[in-house]
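Numbering (the numbering used here), first residue to last: 386 to 606.
Taking it in order: structure first as C-alpha cells, then the write-up.
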Ligand code: E4P
C-alpha cells in the first residue's frame with residue numbers, strides 16, 4: 386500500500402516528503418481553501434516541491450459535466466498533463482469521467498460511499514476511486530467493508546482501476562485498509578506521522594542511548 390498526503394500545506398508536504406516515502410499529494414476544495422495563497426499559486430508550489438514524477442490530484446468544483454471537463458482542461462493547462470483530476474461521484478461526475486477518459490485525461494472518482502458507486506466510476510473510466518472511510522463510518526456505515534468490497538469487485542471484474550482509500554481519523558482505519566488490499570491511501574499529515582511512530586520506539590531508543598553514554602561517554606559510534 387502506498388501513501389499520499391491529503392493536504393495543500395507547503396510546510397507539511399515538505400516535511401513529510403523529506404522524511405517518509407510519499408507517492409504524491411491529494412487536494413480537495415476544503416483543503417485548498419484553508420491556505421493563504423491563491424489556489425493556482427498554491428497548486429503550482431506543491432508541484433514544484435514534489436516534482437513532476439509524483440502523483441498529484443486536483444479536484445473540480447463545478448456540478449455539471451461540461452464545466453467539470455472544462456475545469457479539468459484548465460487545471461492541466463495551468464499545472465501539467467500529469468495531474469490527476471478528481472471528479473466527485475455525482476450524476477454529472479460520471480458523465481464527466483467518461484468524457485475525460487475519452488480525452489485521455491487521468492481521473493480519480495472521489496466522494497465514494499458505496500462499492501457500487503466505485504464500480505460504476507470504474508466502468509466510466511476512472512483510474513482511481515476514493516472511498517471515504519471515516520465519513521462512511523460517521524453515517525453508521527462500515528468504511529473498511531466498503532473498501533474491501535471495492536477491492537474484491539475490481540479483482541472479480543478484472544478492472545484496472547485502483548483504490549485510493551481516503552478520509553481517515555486514525556491509524557487503525559489505515560491499517561485495516563492495508564489488510565484488505567487498498568493499493569493507496571491518502572491521509573492528513575497528522576495521521577501519516579502517527580503511522581510511522583510509536584511511543585515505545587522512542588522509549589527504547591532513549592534507553593539504548595543512555596546505556597551507551599554511561600559505558601562509553603558519547604552518544605555516537
Ligand atoms: C479525499 O479525496 C478527500 O480529500 C479526503 O480524504 C476527505 O477527508 P476528510 O473526510 O478527512 O475530510
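Note that CB positions come from ideal geometry on N, CA and C, so glycine has one too.
Classification of residue i by the beta-carbon crowding that lies within 10 angstroms, buried from 16 upward
i	result
residue 435	buried
residue 590	exposed
residue 540	exposed
residue 361	Outside the modelled stretch of the chain, which goes from 386 to 606, sits residue 361, for which no answer is possible.
residue 393	buried
residue 496	buried
residue 576	buried
residue 327	The structure shown does not extend to residue 327, since the chain spans only 386 to 606, so no value can be given for it.
residue 422	exposed
residue 404	exposed
Reference residue i, options the options, closest by Cα
i	options	result
residue 451	480, 462, 500	480
residue 549	500, 403, 446, 488	500
residue 509	522, 529, 488	488
residue 386	588, 561, 579	561
residue 556	538, 581, 407, 532	581
residue 411	423, 403, 422, 445	445
residue 517	408, 553, 413, 433	553
residue 425	398, 524, 438, 443	443
residue 485	475, 474, 458	458
residue 441	407, 597, 536	407
residue 607	478, 523, 522	Since the first residue shown for the chain is 386 and the last is 606, residue 607 is missing from the structure and cannot be characterised.
Any non-hydrogen atom of the ligand E4P closer than 6 Å to residue i Cβ
i	result
residue 527	no
residue 495	yes
residue 392	no
residue 515	yes
residue 413	yes
residue 520	yes
residue 551	yes
Element boundaries [beta strand (DSSP E), containing residue i]
i	result
residue 547	547–550
residue 409	409–411
residue 443	440–444
Rounded distance between the beta-carbons of residue j and residue i, thought under 8 Å
i	j	result
residue 462	residue 453	With a Cβ gap of about 15 Å, residue 462 and residue 453 do not count as contacting.
residue 573	residue 391	5 Å
residue 470	residue 491	7 Å
residue 558	residue 529	7 Å
Unbroken alpha helix (DSSP H) run spanning residue i, endpoints
i	result
residue 389	That residue, residue 389, is in no alpha helix (DSSP H); its beta strand (DSSP E) goes 387–391.
residue 538	528–541
residue 451	450–463
C-beta neighbour in chain B for residue i, strict 7 Å
i	result
residue 574	Included in the structure is just one protein chain, with no chain B present.
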